[in-house]
Structures are given as structure tokens and as C-alpha cells.
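So the sequence shown is numbered by the working numbering: it starts at 23 and just counts up by one. Just so you know, even glycine gets a beta-carbon here, dropped at the ideal spot from N, CA and C. Keep in mind it's a predicted model, so treat the numbers as computed, not measured. Encoded as C-alpha cells, the structure appears first; notes follow it.
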Amino acid sequence: ELRDGGVMVWAAITSTGRLKLCFVPKKINSSKYQFVMQQTILPFWRRNRSENYIYMQDNAPIHVSQSTKAWVQRKRIRRLAWLANSPDLNPMKNVWGFMVEKIYSRNTEFRGISER
């Protein structure tokens, strides 16, 4: 149930589709972020080794922490260099906008993840 007013969702999109949404704690740290990536990005990466994907994320502290940088390097995930303070370039911002519009288009209030 949503006692604190919301949930946090992690998502990824590619030129060929999307990955499954992942519900994450609202207070996420680098370690938890790496766990989410372990469960989502790595399986996708392994299935699509022949593709020339580059992982793109913004400069959120958990994305650019030393431990996350080291983890990404160990897993050999190619990352796009991201300009500081450039959220306008992030295509996920548009995806989130479309999702919010779709979710609330029926004027429905959700009380928990099970109601999605």
C-alpha cells in the first residue's frame, strides 16, 4: 500500500523496445541501484550482445557514484557521456510524461502497486 504518497519506478527504453518496469524504494542508494541494474540491464545486455547499445543515464548521484562507475566498468556496460545539467536531452522525460498522461487519463487514483 502507498502510505507515503507514491512509488518510484525504474524503466529503460531502447531503439527496439522497452524493458519491464521495476518498482524500487523511494530512497534508493548506489547499492540498490546496482541491484536493479543487475536484475534488468544485465539480462537484456546478455540477450543483445550483438547490438551496439550504449547505456544512457543522467547525472543523479547514484548513477555517477564511484561504486556505480566501478560496477558498470566491471560489467563492461558501455555508457554515454552525459553533459552536466542537461535533462532536456533525456528521452525518458518524454516517456514519463506519456505514462503519467495515460495513467491519469481515466481520473483513477491508485492506492498501491497491485492496482496498476
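For the beta strand (DSSP E) assignment, the uninterrupted runs of no fewer than 3 residues enclosed by the segment 32 to 100 are, from N- to C-terminal side, 44 to 46.
In chain order, S52, S53 and Q56 place their CB closer than 8 angstroms to the CB of S89, counting only its own chain and leaving out the 5 sequence neighbours on each side.
Within the same chain, L43, C44, F45 and V46 come within 8 angstroms of V31 by CB-CB distance, once the 5 residues on both sides are set aside.
Counting C-beta pairs with one atom in each stretch, the segment 70 to 77 and the segment 94 to 107 have three or more that are closer than 8 angstroms, which means they touch.
With 16 or more other Cβ atoms inside 10 Å of its own Cβ, A34 counts as buried.
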